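Engineer:
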Amino acid sequence: MLAASTRASVPTTSDIRRGDRPLLRPDVREVIAFRRARREHYCTLMLPNLWTGSPSHGAFVARELGLPAVVNTHDATRRLRSGDRVRVDGSAGTITRIP
Numbered sequence: 001m002l003a004a005s006t007r008a009s010v011p012t013t014s015d016i017r018r019g020d021r022p023l024l025r026p027d028v029r030e031v032i033a034f035r036r037a038r039r040e041h042y043c044t045l046m047l048p049n050l051w052t053g054s055p056s057h058g059a060f061v062a063r064e065l066g067l068p069a070v071v072n073t074h075d076a077t078r079r080l081r082s083g084d085r086v087r088v089d090g091s092a093g094t095i096t097r098i099p
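All residue numbers in the sequence shown are consecutive under the UniProt record's numbering, ending with 99.
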């Protein structure tokens with residue numbers, strides 16, 4: 001689980017989704033990772049914003065689209081790689097890598 005760090009991540013929505021291929025760049029401070037669903041018009045999950053709190057733009061976008069989101073992930077770009085499958089629990093504020 002990626003939320004286990006010295007700083008707590010912040011839950012922003014009350015949904016849980018699974019997806020793969022997060023797009024992460026360690027040189028970018030604000031990250032939005034998503035994978036489009038095959039039958040939906042919106043992405044299936046979001047992991048916005050490494051360092052700010054819940055009143056961030058990414059959190060607002062996720063809420064309006066009904067997507068789970070976690071902010072203040074701090075080290076997600078170091079711990080996740082492109083192609084990793086992840087589970088985002090917007091209620092608990094956790095991101096879990098799926099083996």
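Even glycine gets a Cβ: it sits at the ideal position worked out from N, Cα and C.
This one's a predicted model, so the numbers in the text were calculated from it and none came from an experiment.
#1: If you measure between the beta carbons of R97 and D84, is that distance less than 9 angstroms?
#2: Are the Cβ atoms of residue 100 and A59 separated by less than 9 angstroms?
#3: Under the DSSP definition of a beta bridge, which residues are partnered with T73?
#4: Taking 8 angstroms as the cut-off, is the C-beta of T73 nearer than that to any heavy atom in the ligand NAP?
#5: If you compare alpha carbons, which of V61, L67, G66 and I95 is closest to L80?
Structural biologist: This is what the structure holds:
#1: Yes; because the gap between Cβ atoms is below 9 angstroms, this pair is in contact.
#2: Absent from the model: residue 100. The displayed extent of the chain is 1 to 99, so no value can be given.
#3: Paired residue(s): none; T73 is not in a bridge.
#4: Absence of the ligand NAP from the depicted structure is noted, as is the absence of any ligand whatsoever, leaving it without description.
#5: I95
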